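**Student:** Sharing a structure below in structure tokens format, with a few things to ask.
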Amino acid sequence: PVADLDADAQVRADDRGHVFHSWSAQAMIDPLPVAGGAGSTFWDYAGKSYLDFSSQLVNLNLGHQHPDLVAAIQKQAGRLSTIAPAMANDVRGDLARRITEVAGDGFEKVFFTNGGADANENAVRMARLVTGRRKVLSAYRSYHGNTTTAIALTGDPRRWANEPADGSVAHFFGPYAYRSAFHSDSAEQESERALAHLEQTIILEGASTIGAIIMETVVGTNGVLAPPPGYLAGVRAICDKYGIVWIADEVMVGFGRIGEWFAFQAFGDDLPDLITFAKGVNSGYVPLGGVVISERIASHFDKISFPGGLTYSGHPLACAAGVATFEVFERDGILERVRDLGERVIAPRLRDMAERHPSIGEIRGQGLFWAIELVRDRETREPLVPFNAAGADAAPVAAVVAACKSEGLWPFTHFNRLHVAPPLVISEEELIRGLEIIDRALDVADGYTV
Ligand code: PLP
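In my numbering, the protein residues as written are -11 to 438.
Dropping the structure here:
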């Protein structure tokens, strides 16, 4: 990277003048002008490089400018840049077949969308049509997207200013052993009690009114919360008992984030009815998401028309990048390397940090998806910053972020947590370097402990 301060000024001026940014008070932000990227690194116009421990929005699974993905998009652009969804298209069909093959037995078809929110939107629509019931349950600690039903399903504060978005949604507490809503003191107890709570919620909300339960298999932005032993099996059993569709939101964790094609595969043999995906399917090189549909639900629409569609459903450029993603994953053993790096490189280093830094309340995760939960006080588990902290309240975490950035690491933080979610192609040397930067930045967090 070389400095180009004129370009920096122009990009800043155009952005500040004319780009309206997501989730922001427009006058309060200062977006970094990015000049380029390669692999796990991107750089600004001042010539400073950042190691990306957030994979942008946890979507850049194969890193920036992966040559195979770039070549696949270029080749497809030269053959057929776009085609309406009503046509049959080679790369679209190829990608749909590959996705159903890795999803498991009984998954038959894929409905392609532009991203994760509309994948969830359409999955819920399918569940409502198949069951004839409108209500959907989702977890408080969740993010499902920014369209009408998806933001209503979202449990986190991004929902609040959008209410009421969809009146037929109710929330429940998912398992979270470190801050158990059920006063449990083991993973097994957390699993059992979270299932009992879910079933109680269903009974009180009216089982006959509930069409679907949607859950992030591993809760992403809201905590890297993996299901404890038995939880997914229990959800499957409850859904079967009450005739409810289980939608697994795999938008963030699908396609290798924890070392499986789909994250539910790491927690037993139980299969959801619908799987939603986006992000890692093609690392976001061209927007793409979708719903993987089990035979039972797909067949409902054999003779009844599905009332939904999108101009860019199954866009050839996006699908070509998806097919290339499969080829890279298989050729380069991406799933295996994710599991290996998680166990061998990240886990021992985070455990060691947790022993030395009083600000670490808990570390948890697997593959290339970890959370470091920061606290003021290990005894009381008081979070380092309050839930939904902003401004001055968020200063301790902002200071940790600044320490990371000053050393060239781009971190992912959410409330009182620092997440480790680098591209799946990150080298071992880069991974260790990034963890060492975090280790030093946590000295700043330690300064805020009691
Ligand atoms: N679901 C989950 C679990 C996500 O993490 C996200 C995005 O972060 C979404 C859905 C929404 O996806 P998109 O932003 O592509 O609409």
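The beta carbon of each residue, even a glycine, is placed where N, CA and C say it ideally should be.
Predicted, not measured: the structure shown is a model, and the values here were computed from it.
Short check: CB of A342 to CB of I360, under 9 Å?
**Tutor:** yes
**Student:** Figure out for me which residue from L362, D237, D257 and V207 has the closest Cα to the Cα of A225.
**Tutor:** D257
**Student:** By a C-beta neighbour count over all protein chains shown, 10 Å radius and 16 as the cutoff for buried, is V7 buried or exposed?
**Tutor:** exposed
**Student:** Closest to T264 by CA distance: which of V233, F255 and A13 is it?
**Tutor:** V233
**Student:** Taking the continuous alpha helix (DSSP H) assigned at T197, which residues delimit it?
**Tutor:** T197 -> no alpha helix (DSSP H), and no H or E assigned at all.
**Student:** Is it true that the CB of A236 sits closer than 9 Å to the CB of A221?
**Tutor:** no
**Student:** What is the C-beta distance between S42 and I414, in whole angstroms, given that I count them as a contact (C-beta under 8 Å)?
**Tutor:** Not a contact, Cβ separation roughly 12 Å.
**Student:** For E204, list the residues DSSP reports as bridge partners.
**Tutor:** D237
**Student:** Are the beta-carbon atoms belonging to P336 and L39 less than 9 Å from one another?
**Tutor:** no
**Student:** Thinking C-alpha only, which one of V385, V280, E109 and V157 is nearest L298?
**Tutor:** E109
**Student:** At a cut-off of 8 Å, would you count T264 as near ligand 1, judging by its Cβ distance to the nearest heavy atom?
**Tutor:** T264 Cβ: within cutoff of ligand 1.
**Student:** Please identify the residue among L192, P(-11) and V385 whose C-alpha is closest to the C-alpha of G435.
**Tutor:** V385
**Student:** Can you give, in chain order, each stretch of the beta strand (DSSP E) that sits fully within the segment 93 to 163 and has at least 3 residues?
**Tutor:** 95 to 101, 123 to 127 and 157 to 160
**Student:** Which ranges does the alpha helix (DSSP H) cover as unbroken runs of at least 4 residues, wholly within the segment 378 to 402, from first to last along the chain?
**Tutor:** 383 to 394
**Student:** Pairing CB atoms from the segment 83 to 97 with CB atoms from the segment 268 to 287, are three or more of them under 8 Å?
**Tutor:** Counting Cβ pairs under 8 Å, three or more are found: they touch.
**Student:** Nearest-angstrom Cα distance between A74 and Y300?
**Tutor:** 10 Å
**Student:** Measuring only the C-alpha atoms, how far is A76 from G94?
**Tutor:** 23 Å
**Student:** Shorter than 8 Å, the distance from the beta carbon of H132 to the closest heavy atom of ligand 1, or not?
**Tutor:** yes
**Student:** Does DSSP put P336 in a helix, a strand or coil?
**Tutor:** helix
**Student:** Is D106 near ligand 1 - that is, is its Cβ less than 8 Å away from at least one heavy atom of it?
**Tutor:** yes
**Student:** List the endpoints of the continuous alpha helix (DSSP H) containing F314.
**Tutor:** P304 to D320
**Student:** Between the beta-carbon of I334 and the beta-carbon of L356, is there less than 9 Å?
**Tutor:** yes
**Student:** Pull up the distance between the alpha-carbon of L183 and that of G81, whole angstroms please.
**Tutor:** Rounded to the nearest angstrom, the two C-alpha atoms are 38 Å apart.
**Student:** In terms of alpha-carbon separation, which member of V22, I17, G5 and R4 lies closest to L(-7)?
**Tutor:** V22
**Student:** By DSSP, does Y230 sit in helix, in strand, or in coil?
**Tutor:** helix
**Student:** CB of K123 to nearest heavy atom of ligand 1: below 8 Å?
**Tutor:** no
**Student:** Pop quiz: R167 and R369 are said to be a contact at Cβ under 8 Å. What is the actual Cβ separation, rounded to whole angstroms?
**Tutor:** 7 Å
**Student:** What are the partner residues of Q354, as DSSP defines its beta bridges?
**Tutor:** According to DSSP, Q354 bridges with F357.
**Student:** Exposed or buried, N210, counting other C-beta atoms within 10 Å across all chains shown (16 or more means buried)?
**Tutor:** buried
**Student:** With a threshold of 8 Å (Cβ to nearest heavy atom), would D237 be considered close to ligand 3?
**Tutor:** This structure simply doesn't include ligand 3; it includes ligand 1 instead.
**Student:** Any idea what DSSP makes of I263, helix, strand or coil?
**Tutor:** strand
**Student:** Please confirm whether any heavy atom of ligand 1 lies closer than 8 Å to the CB of T29.
**Tutor:** T29 Cβ: outside cutoff for every heavy atom of ligand 1.
**Student:** Can you tell me whether V46 sits near ligand 1, meaning its C-beta is under 8 Å from at least one heavy atom of the ligand?
**Tutor:** yes
**Student:** Going by Cα to Cα distance, which pick from A105, A111 and I426 is closest to K97?
**Tutor:** For the residues A105, A111 and I426, the minimum Cα distance to K97 belongs to A111.
**Student:** Helix, strand or coil, according to DSSP, for F243 in the structure here?
**Tutor:** Three-state result, F243: coil.
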